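Report on the structure given below.
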Ligand SMILES: Cc1cc2nc3c(=O)[nH]c(=O)nc-3n(C[C@H](O)[C@H](O)[C@H](O)COP(=O)(O)OP(=O)(O)OC[C@H]3O[C@@H](n4cnc5c(N)ncnc54)[C@H](O)[C@@H]3O)c2cc1C
Ligand code: SF4
Ligand code: SF4
Ligand code: SF4
């Protein structure tokens, strides 16, 4: 991991491309201004960066591109407030500050040799895309893969077109892509919450690593459903969100847990396993 | 360890000597009943009998308000705005505060060290002094009533002077440079010191072992105390802002009128404020005063691994400086089922 | 002879560069100005009514909010009225600090009025900001003077608008010697800048159309010093009355076209010739009645420029303010020098018992003229009755007269274009330095 | 607002400073900030009656509105300003919290008071009980204070010039009181300090002068003010319900929770 001397200092990155994804989300492709930093910059799926726009502020954003691509990375950003609104106004050629990557990321080494089940709801697709693309880039290390992408409506499905376009080649590679909406009358595809489509997956519960990301209320039902189907709780992983100002376990905003088990989402997470999730009050 | 004696009549000279190392900060009286660390010009204003300062000494390493960076929007680069305070001396730190600072070190100087804190930490000379507990102190329970490291010099009051423990290379240098002020320790000095230690121990009001507290806090999550006590809270944040081990901060960008320049500042935050757990979209992970109130008790009683003690060092500030008189120690004892 | 016909009234919707929101409406029929109204749109805020029943400490914290330009004047006068009611005698140091604070208000207020509100008019700009290009030194001097006035108030009062560090009986915290020393030096460096305002005004003579003898009211200095304090109010008609009796002599009444009331002076006595009459108050009145007590530098200036200080012409008020600027910079410098030596930072406010109750009536000279407060405090330390009369309410009728005079003479001179007349009328209004929000404070509930 | 960002990047933002019913302190504060000359170069003041006679009506990017709505005329003006402005900033206690003129809000009958002062039908204008402007129009940003702090005025303008907008302060004055290194006078002297329920931003100015906060920056937003707990503490210190209500009402009378929470603390007793 690259470590600048001042941990809060950022590297200048330039926006290469901006793709609008939905009404509120855009995908940004960045390149490090200094190529030598870019070439040495590595991250794990599930980690995040602190993205800053001097004069406006700094926000944590998951990296959503494949960690195999070097010198570039992608962020999928929702226009949610002050900073992200400003980021949304950026055009190719504009610059931002980046520091990181931060967080533990998904334990990809533990996933190797297993089937993968990725379940994303809403913005959850952003960090899971990184896992998914990583798995595609290292296809031989994994068994069957299913990805479930859920949102309220079709137009809100993140990376809907990208996943759609992959469908054919995916099938050839034993990858099942399920996209579902919960509240879209006009949506022609699957309907209902992600948990309702678990019978359509092509993975073996006995030998599957599960990665989940979505709104907090999704986890409980998802856990129950997975457990009922015999997925091994030791191999269920979740990535969560909290307020963060530093990303390195100092500012205190992302604290979770109790006196007996005190953690910081930015350092001890954002990826947690099933047992952390159920035993840490306030984590779900 | 090296031990020396500083006779009372040499104290003043010693303090003036200390000023030679940089700005001298020491406890002084700031109002009728309160003390704080302040820059000291006249060493006679130093209060040796203070109980506790309003703000903990962390303010010299982790300032309440500090500029991290300056920037110019045009090239998107951040320019480190660390201001070197030069060498400075903090005189009069009590053991709990010395240990509190080491607790802070464990968070700020880890594998990703906070460079601002670390650079200042390297500039600070710490002279500790022993104290007598009052009704708010429970550092003994927290294992923070005796500092065995984390200082350059430490003074124990004797009847006619101070027994000094030298705790660092810097400490040796300081005493070497003015060795004419010191005397060798005599046997009776040691017996005076042990007597004083015993007296101090006898002054503490509680002697429980709180090792199980962490688990009880978890188990007692629906104890009626939480409702009752959090209702009294006015969310002023005093308890956290005066705590020697609290370290939450917020960061804000302050742009300039020219539309380009500006600075990124950070300032102390408190988990007792609504904003602390708020994320975009309005979801708040600690939405109620009750949640926030509990959060502090959990955080302060978590286990600081590097120090093998809890994050709370028992200095008593959060109780003394709570405007509505919420008594933190008493509450913890109630959670433990103590009377 | 050319026929002058103005069918529409001459209207100024919103007089710019004064404090507050007011308009002018002049009706002309048959070449005669038939009515003049200063329309005050500022909403009423009922200060005297809402403070009734409130604790006197809370009330004196609220009164300065009548007006930002003379917040210090309101605060000091209200506090002193409360002290008069409760029989509190503040220390000499407190009095001196208050006087310096008050002078800070004068310097700031006069500098703002002259440099920011009045000069753009005379020099042909919309505002001081656009004037800054051509008259950069002038604007800078104005800013420096305003700043020192603000600084004096911030050092003593905590800030320069709504000074909270001013309590019944004293101060929350007393500034240090070093702060006073710094003020002293800053004031010393501004002596020549303080003459700049009069330098500029020398080039502009009063409009003769406005000449008309008038009645002036001002506080007479007790100790021969030209300040805002004194126990008696003098009139240029050679009458006078004790300030605490102001309610008998300064009479307020409602007029239809404004939320501000109008005032008249009743010299008292039985003689019928002493009918209540309109009057003016402010820098020109103070100068007219007390000029002997000015500092030497200010006196010299005024003697050299008598023409600009004609008591019969309202435009002289600008020059009188300029003279006061010189005077008060000197006075502030003296006071700051003295305090820098003697100030006792540890002095505590005088203790008092608000439940003692009583009535206190006090008048002081605010930058714009006489300001009076009457507080009646009951046996629980609450306000039973409050009465405030502000300078603007006092001189409003006179100002309307002058606006009418100006309009009439322009009409007489064959000018009919409202867009030419209106700015001239605004200039007349501005010369009074009216404080519109002050004027709408408003009045006693019986 | 998004529009301003694009606007700012291409040309000087057009700014209007307007007053409804107030003491004019907010405008005076804007007019007298140290950097006013720099500000006047960075923005175009389309309307600023106190400062310039070149004031006119019409569209502005940013409108600063001081003062409460206290007359029919205020209300008409306010609605026009809202229509003309992309971003509307409520500035000062009057505009945000109704100001000291709302001290008696709900206690005294407005028409009665009006009549007592002006008599019946003697005056040609219509008065209204003072209200914060967001009772009538949407407010984008709040810049509190009586008067506002110079640094905050500069901060607000700077964020707009940067194409973003200000972060809202919601921490209480106590926060800054600690950061400033003051001792707490509520604890030490038992004085009725309103710091804990008052929006910060003044650096605890008054407490620095040894004077309890009277709440001039108004109650902390988002219903975070614990009036009940504070009132209980005041009660313990021997303050009466009336005293506490009067003090809290100077700047907080329009807070919908305040009265009720104080009543709760005093348990209905007088
Ligand atoms: C580990 C992690 C990964 C994330 N990944 C993504 C992502 O891939 N795409 C995406 O669009 N969003 C992501 N978010 C959420 C994103 O950080 C917030 O939407 C963003 O901070 C909102 O900031 P703002 O200034 O636009 O909004 P405002 O509401 O104006 O926020 C103001 C300040 O609050 C803080 N804040 C607000 N919300 C959050 C939040 N949810 N998390 C942390 N701090 C917050 C920020 O520090 C910000 O400066 C992630 C958050 C975390 C913690
Ligand atoms: S000091 Fe007391 S009142 Fe203030 S936040 Fe802490 S517990 Fe609450
Ligand atoms: S109650 Fe007042 S004095 Fe105490 S901390 Fe809060 S603001 Fe400061
Ligand atoms: S301390 Fe309170 S009263 Fe004083 S300026 Fe701040 S908010 Fe206003």
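Residue numbers (our numbering), protein chains in the order written: chain A, 3 to 286; chain B, 4 to 342; chain C, 2 to 447; chain D, 109 to 378.
Built from N, CA and C at the ideal position, the CB exists for glycine as well.
From a predicted model like this one, the values you see are computed outputs, not experimental measurements.
> Taking 9 Å as the CB-CB limit, is residue 53 of chain B close to chain A?
Replying inline: Not an interface residue.
>> Quick check on the DSSP output: the alpha helix (DSSP H) that includes residue 255 of chain B runs from which residue to which?
In response: Looking at the DSSP string, residue 255 of chain B is not in any alpha helix (DSSP H); the run it does join, the beta strand (DSSP E), is 252 to 258.
> Taking Cβ positions only, does residue 143 of chain D come closer than 9 Å to chain B?
Replying inline: yes
> DSSP three-state call for residue 225 of chain A: helix, strand or coil?
Replying inline: helix
> What separation, rounded to the nearest whole angstrom, lies between the Cα atoms of residue 413 of chain C and residue 267 of chain D?
Replying inline: 54 Å
> Taking just the CA atoms, how far does residue 90 of chain A sit from residue 340 of chain C?
Replying inline: 58 Å
> Does residue 143 of chain A have its Cβ less than 9 Å from a Cβ in chain D?
Replying inline: It does not; no Cβ of chain D falls within 9 Å.
> Do residue 50 of chain B and residue 31 of chain B have their C-beta atoms closer together than 9 Å?
Replying inline: Yes, they are a contact pair.
>> When you compare the CB of residue 248 of chain A with every CB in chain B, is at least one pair closer than 9 Å?
In response: For residue 248 of chain A, the nearest CB of chain B lies under 9 Å from its own CB, placing it at the interface with that chain.
> In three-state terms, what does DSSP make of residue 259 of chain A?
Replying inline: strand
> DSSP three-state call for residue 243 of chain C: helix, strand or coil?
Replying inline: strand
> Buried or exposed: where does residue 3 of chain C fall if 16 or more other Cβ atoms within 10 Å of its Cβ makes it buried?
Replying inline: Residue placement at residue 3 of chain C cannot be trusted, given a pLDDT of 44 that sits under 50; what the coordinates show is reported in the next sentence. Residue 3 of chain C comes out exposed.
>> Counting only beta-carbon separations shorter than 9 Å, does residue 112 of chain A have a partner in chain D?
In response: no
> Under 9 Å between the Cβ atoms of residue 374 of chain D and residue 258 of chain B?
Replying inline: no
> For a contact meaning CB atoms closer than 9 Å, what does residue 255 of chain B contact in chain D?
Replying inline: 275
> Between D:169, D:200, D:184, D:206, which lies nearest to residue 194 of chain D when the distance is taken from Cα to Cα?
Replying inline: D:169
> Just to confirm, are residue 65 of chain A and residue 47 of chain A a CB contact at a threshold of 9 Å?
Replying inline: yes
> Taking buried to mean at least 16 other C-beta atoms within 10 Å of its own C-beta, is residue 219 of chain C buried or exposed?
Replying inline: buried
> Regarding residue 237 of chain A and ligand 3, is the C-beta to nearest heavy atom distance less than 8 Å?
Replying inline: no
> Apart from the five residues just before and just after residue 188 of chain B, which ones in its own chain have a Cβ nearer than 8 Å to its Cβ?
Replying inline: 6, 7, 8, 166
> residue 97 of chain C lies in the alpha helix (DSSP H); which residues open and close that run?
Replying inline: 93 to 112
>> Give me the pocket residues for ligand 1, defined as CB within less than 5 Å of any heavy atom, sorted by chain position.
In response: A:50, A:59, A:61, A:62, A:63, A:64, A:79, A:80, A:82, A:83, A:84, A:85, A:86, A:128, A:243, A:245, A:246, A:272, B:282, B:283
>> Starting from residue 131 of chain B, trace the beta strand (DSSP E) in both directions and tell me its first and last residue.
In response: 127 to 132
> If you check the beta carbons only, do residue 244 of chain A and residue 254 of chain B fall under 9 Å apart?
Replying inline: no
> Quick one: Cα of residue 237 of chain C to Cα of residue 217 of chain C, how far?
Replying inline: Roughly 5 Å between the two C-alpha positions.
> Are the C-beta atoms of residue 358 of chain D and some chain C residue less than 9 Å apart?
Replying inline: Yes, because at least one Cβ of chain C sits closer than 9 Å to the Cβ of residue 358 of chain D.
> Taking the C-alpha atoms as reference points, what is the distance between residue 307 of chain D and residue 66 of chain B?
Replying inline: In a straight line, the C-alpha of residue 307 of chain D is about 22 Å away from that of residue 66 of chain B.
> Hey, is residue 303 of chain D close to ligand 3, as in C-beta under 8 Å from one of its heavy atoms?
Replying inline: Correct: residue 303 of chain D has its Cβ closer than 8 Å to ligand 3.
> Enumerated in chain order, which unbroken segments of the alpha helix (DSSP H) with a length of 4 residues or greater are wholly contained in the segment 374 to 435 of chain C?
Replying inline: 392 to 413, 419 to 432
> Got a sec, what are the start and stop residues for the beta strand (DSSP E) residue 68 of chain B sits in?
Replying inline: Residue range 68 to 75 is occupied by the beta strand (DSSP E) that includes residue 68 of chain B.
>> In the DSSP output, which residue or residues are listed as bridge partners for residue 80 of chain B?
In response: B:75
> Closest by CA to residue 1 of chain B, which one among B:312, B:164, B:196?
Replying inline: What the structure shows of chain B is the stretch from 4 to 342, and residue 1 of chain B is not part of that stretch, so it cannot be assessed.
> Going along chain A, which residues have a C-beta under 7 Å from residue 270 of chain D?
Replying inline: 57, 58
>> In whole angstroms, give me the CA-to-CA distance for residue 248 of chain A and residue 430 of chain C.
In response: 58 Å
> How is the alpha helix (DSSP H) around residue 229 of chain B delimited, first residue to last?
Replying inline: 227 to 235
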